[in-house]
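Each residue of the sequence shown is one higher than the one before, counting from 325 in this note's numbering. All C-beta atoms in this analysis are idealised placements derived from N, C-alpha and C, irrespective of residue type, glycine included. All values derive from a computational prediction rather than experimental measurement. Beneath this line is the structure, given in structure tokens, with notes to follow.
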Amino acid sequence: MRLRFFLLTFWLTACGSNTKPKDLIPEDKMAKVLTEIHILEAQINNLHFQHEDSSVYVYQKMKVKLLKTFELDSATFKRSFKYYILNPDKMKGIYTEVKKLLEAKKKVIEAKKKVEDKKKQLLEDKKVKKMPKAVQKADSLMRLKNEIQSKEAVKKRLIMDKHSVDKLNKATPKLP
């Protein structure tokens, strides 16, 4: 993808005049457009298509949609891009702005991630705090169950002992 970008850049610089197009995209808007294009390129690269043709196709379709969000068409973008390529000082200024915009977006994403991580941590902390109560409750229920079982065992032993005593009483002759 980047190789194509540089080949396109080379091709545009090799053939063309240095005249300013009538519909030139202003430098600040061009910086915003290029920022979004580079983000789009990164997203497409992260999709890991099996065939490069698929990624190029998806990229081209998404790029057209992206340009529409800026109320631009492909031809206007190409003419403006070509003009800025042929004027390296202006292009350098644009890419300085692109870098700033990308860094700002990165900071926003990192800040959102920190907030999400804190929310997750708070939820985990709440679960941990609730867990001992649940464990205590389960533990007290287990103790109660054991206590009931032991009382039942005692009752059974008493009943068994009573039967044993009754059997002994029946088995032993009564003294006059």
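Please return the same chain residues whose Cβ sits closer than 8 Å to the Cβ of residue i, not counting the five positions on each side in sequence.
| i | result |
| --- | --- |
| S379 | M325, I368, N369, L371 and F373 |
| L357 | Here residue 357 is Val; the residue named in the question, Leu, does not match the sequence. Excluding sequence neighbours, V357 sits near I349, L390, L391, F394, L396 and F401. |
| L426 | T359, H362 and I363 |
Label residue i either buried or exposed according to how many other C-beta atoms from any shown protein chain fall within 10 Å of its C-beta, with 16 as the threshold for buried.
| i | result |
| --- | --- |
| V432 | exposed |
| S404 | buried |
| V478 | exposed |
| I483 | exposed |
| K444 | exposed |
| K406 | buried |
Spatial neighbours of residue i within its chain, please: C-beta separation below 7 Å, excluding the five flanking residues on both sides.
| i | result |
| --- | --- |
| E351 | K414, G417 and I418 |
| L390 | E360, I361 and L364 |
Sorted by chain position, which residues of the same chain lie with C-beta nearer than 6 Å to residue i's C-beta, five sequence neighbours on each side aside?
| i | result |
| --- | --- |
| A355 | I418, E421 and V422 |
| V388 | none |
| E448 | none |
| N342 | L410 |
| R481 | none |
| D347 | T400 |
For residue i, does the three-state DSSP call read helix, strand or coil?
| i | result |
| --- | --- |
| F394 | coil |
| A349 | According to the sequence provided, residue 349 is Ile. The question's Ala does not apply to it. Reduced to three states, the DSSP call for I349 is coil. |
| H362 | helix |
| T343 | coil |
| L371 | coil |
| N411 | coil |
Any 3 or more C-beta pairs closer than 8 Å across the region 419-438 and the region 375-392: With a cut-off of 8 Å, the region 375-392 and the region 419-438 do not count as touching, because too few Cβ pairs lie within range.
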